[in-house]
Amino acid sequence: MTTVSEAVAHAVAACADDVFALTGNGNAHLLDALSRTGARVTAVRHEAATVASADAYHRITGRLAVATTTYGPGFTNTVTPLAEAALARTPMLLVTGDAPAGGLRHTDVDQAAIARATGALVRHVNPAAPGRQTVAAVQESLVRRRPVVLAMPCDEATAEARDDVVPVLEPRRELPEPREEQVEAVAALVADAKRPLVLAGRGAVDAAAEVRLLADRIGALTTTSAPARGLFGGRRYDVGVCGGFASPPAAELIRQADVVLVLGAGLDDFQTAFGTAFAPGAKVVQVDVSARPTHASVGLHLRADVGRTVVALLGVLEAGETPPEPWCGVAHEAGERDLHQVRDNGEGVARDGRMDPRSLFTYLDRMLPKNRQIVSDGGHFIGWAPSYLSVPRADATVLVGTAFQSIGLGFPSAPGALVARPDVLTVIVTGDGGGVMGIADLETVVRLGRSTLVVVVNDAVYGAEVHQYGSQGLDQDAMRVSEMNFAAIARGFGAQAVTLTRPSDLDWVVQWVRHGARGTLVLDAKVSPEVVAPYMQEMAAQAKR
1 MTTVSEAVAH AVAACADDVF ALTGNGNAHL LDALSRTGAR VTAVRHEAAT
51 VASADAYHRI TGRLAVATTT YGPGFTNTVT PLAEAALART PMLLVTGDAP
101 AGGLRHTDVD QAAIARATGA LVRHVNPAAP GRQTVAAVQE SLVRRRPVVL
151 AMPCDEATAE ARDDVVPVLE PRRELPEPRE EQVEAVAALV ADAKRPLVLA
201 GRGAVDAAAE VRLLADRIGA LTTTSAPARG LFGGRRYDVG VCGGFASPPA
251 AELIRQADVV LVLGAGLDDF QTAFGTAFAP GAKVVQVDVS ARPTHASVGL
301 HLRADVGRTV VALLGVLEAG ETPPEPWCGV AHEAGERDLH QVRDNGEGVA
351 RDGRMDPRSL FTYLDRMLPK NRQIVSDGGH FIGWAPSYLS VPRADATVLV
401 GTAFQSIGLG FPSAPGALVA RPDVLTVIVT GDGGGVMGIA DLETVVRLGR
451 STLVVVVNDA VYGAEVHQYG SQGLDQDAMR VSEMNFAAIA RGFGAQAVTL
501 TRPSDLDWVV QWVRHGARGT LVLDAKVSPE VVAPYMQEMA AQAKR
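Just so we're aligned, residue 1 is where the sequence shown starts under full-length UniProt numbering, counting upward by one.
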């Protein structure tokens, strides 16, 4: 006899390599069945981490994200990362226990309504054909690029599956090809441009070689979203990250572009510096999976595959020598040095005697192995890692939480990165506020991490709130928190840990790297709350309008 849980487990294993899980009454039989399928199950310590880790895993590998929790509070604990996954268009299957098939008990909530409110899709399994239903849910998630919550009634988990067939997952459907007239219109724009700019996001990563070739062909400056940083690594005339994390000289050049070709980027507030990144008269073209433009500045939108669109553009544009210097010499500086790194590196110690976070991350960039990936939580500090830490490739920056503007998903998302790419140094950056929210999965990080550095940017405040609203005169008592000893907490989880109060304390990092950077080292960095990130200054200015 094949049970419903066994049929679902076999279907999950047929579609995915990894599952992120926390066990409970509603999924215990499923996890037992998964243990016999060959799928790798990674146990985490909080239900939020099942979804956040699966999301991070997808962002690095491109594979289906799979998570599982029990019903009730097990499911509701996933709501914030589930909303993030929906907004980030992450293909994900969340298999969760659910109320009995006969109806809600007094301890149940309407999980379907909650899931739909996050933007996720909801599907159900039952004894009729659980394997087919699971594969269909996976198929829908991949096609629609949205998380699907697959609900399994708790009283049917061990029922016999009347049909235990697990169909083969259909090949992914290709995005529509760009229309010929659209390609010709874009080609005409970039051919006439005097100062073309190519902005690439995560949606362009798989077509990186073609995108770089196009940028060279049209003599463009290049820039990326923060998660796609590294896509143009080593290219002359690349200015780094676009938007709030751009360096001052890079931002100045970006604002001079007359045509902006946006490839696979969502143009959120950070990428557009709250609408100020591009010149008012710039012609903005967006190629993306979204059905419509994602920003008011977009004048021409193509819902199409980035790679095939770029290839089509290359076919239309006349082949010729790359302009000796793009932008007729205006961008000379971009060809001579890495403009992304031209920024204020701080003074080591700020006026209040605490470490300057700009200096901290400048020092760390020099000290750490270059083969690395960055996992960052949200908060005021979110700009320090993308601004100061270099990455070797376009899938090496994971920012789970930015789509929903959440904090507290740094530790919960990190296990997904550690499973996806265990053979590189993983740098996890979190704040003291968000860090303590997700602290349970520091244990998962310590358990999984072969080479992991955790940087807790500990300024004893909720910086985003202090700088946006405290600066307006609002009461700050609730914006300030007791200064926690994260080094002591980390040792309790089994990590190595050191408290940083001055630059010389970073000798601990030098020694750790020298001895192979093995295990998990947590840096409790006592940084100054007085140093305000440039992007936060933009947000504060917006809040005052």
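Glycine included, C-beta positions come from ideal geometry on N, C-alpha and C.
Just so it is clear, the structure is predicted and the values come from calculations on it, not from any experiment.
Through-space distance from residue j to residue i, alpha-carbon basis
i: leucine 267; j: threonine 276; result: 12 Å
i: leucine 214; j: proline 386; result: 25 Å
i: asparagine 27; j: threonine 37; result: 15 Å
i: alanine 137; j: alanine 246; result: 40 Å
i: glycine 383; j: alanine 250; result: 15 Å
i: aspartate 258; j: alanine 331; result: 13 Å
i: glycine 307; j: alanine 207; result: 5 Å
i: valine 41; j: leucine 34; result: 8 Å
i: glycine 416; j: valine 44; result: 10 Å
i: arginine 116; j: arginine 358; result: 41 Å
i: serine 5; j: valine 19; result: 15 Å
i: phenylalanine 75; j: aspartate 110; result: 11 Å
i: alanine 65; j: proline 91; result: 6 Å
i: valine 143; j: aspartate 164; result: 24 Å
i: arginine 236; j: proline 178; result: 29 Å
i: glutamate 443; j: arginine 491; result: 10 Å
i: valine 310; j: arginine 172; result: 20 Å
i: aspartate 216; j: alanine 67; result: 41 Å
i: serine 376; j: proline 422; result: 17 Å
i: valine 419; j: aspartate 269; result: 30 Å
i: glutamate 174; j: serine 451; result: 37 Å
Beta strand (DSSP E) segment containing residue i, residue limits
i: isoleucine 428; result: 425-431
i: valine 41; result: 40-43
i: threonine 224; result: 221-224
i: serine 387; result: It is not in any beta strand (DSSP E) - serine 387 instead sits in the alpha helix (DSSP H) that spans 384-388.
i: phenylalanine 20; result: 18-21
i: proline 196; result: 196-200
i: valine 241; result: 238-241
i: glycine 97; result: 92-98
i: valine 66; result: 65-69
i: valine 183; result: Run containing valine 183: none in the beta strand (DSSP E); it sits in the alpha helix (DSSP H), 180-192.
i: valine 260; result: 259-263
Residues that DSSP places opposite residue i in a beta bridge
i: leucine 121; result: Val148
i: histidine 301; result: Gln286
i: aspartate 524; result: Val456, Thr499
i: leucine 31; result: Paired residue(s): none; leucine 31 is not in a bridge.
i: glutamine 373; result: Thr426
i: arginine 480; result: Val461
i: threonine 3; result: Glu160
i: valine 349; result: Met355
i: glycine 519; result: Ser451
i: proline 153; result: Asp98
Contacting residues, own chain, Cβ-Cβ under 6 Å from residue i (five flanking each side not counted)
i: arginine 162; result: Pro127, Ala128
i: leucine 121; result: Arg146, Val148
i: glutamate 347; result: Asp356
i: arginine 195; result: Gln256, Ala257, Asp258, Trp327
Residues of its chain near residue i, where Cβ-Cβ distance is below 8 Å and the 5 sequence neighbours each way are ignored
i: glutamine 139; result: Leu169, Glu170
i: valine 531; result: Gly346, Ala350, Asp356, Pro357, Arg358
Residue i burial status per 10 Å Cβ neighbour count (16 or more: buried)
i: asparagine 458; result: buried
i: serine 53; result: buried
i: threonine 158; result: exposed
i: glutamine 373; result: buried
i: alanine 209; result: exposed
i: cysteine 242; result: buried
i: proline 280; result: exposed
i: cysteine 15; result: buried
i: serine 225; result: buried
i: leucine 506; result: buried
i: leucine 474; result: exposed
i: glutamate 318; result: exposed
i: leucine 221; result: buried
i: asparagine 77; result: buried
i: serine 406; result: buried
Below-7 Å beta-carbon distance, residue i vs any chain C residue
i: threonine 90; result: Given the protein chain composition of this structure (a single chain), no chain C is represented.
Residue interval of the alpha helix (DSSP H) (run including residue i)
i: proline 73; result: 73-76
i: arginine 421; result: Run containing arginine 421: none; DSSP gives neither H nor E here.
i: alanine 394; result: That residue, alanine 394, is in no alpha helix (DSSP H); it is neither H nor E in DSSP.
i: leucine 87; result: 79-87
i: histidine 332; result: 332-336
i: valine 532; result: From DSSP, valine 532 is part of no alpha helix (DSSP H); its letter is neither H nor E.
i: isoleucine 489; result: 486-492
i: aspartate 507; result: 507-514
i: residue 548; result: Examination of residue 548 is not possible in this model, given that the chain is present from 1 through 545 alone.
i: proline 248; result: 248-254
Cut-off 7 Å between Cβ atoms - residues of its own chain near residue i, not counting five sequence neighbours on either side
i: proline 100; result: Pro153, Cys154, Asp155
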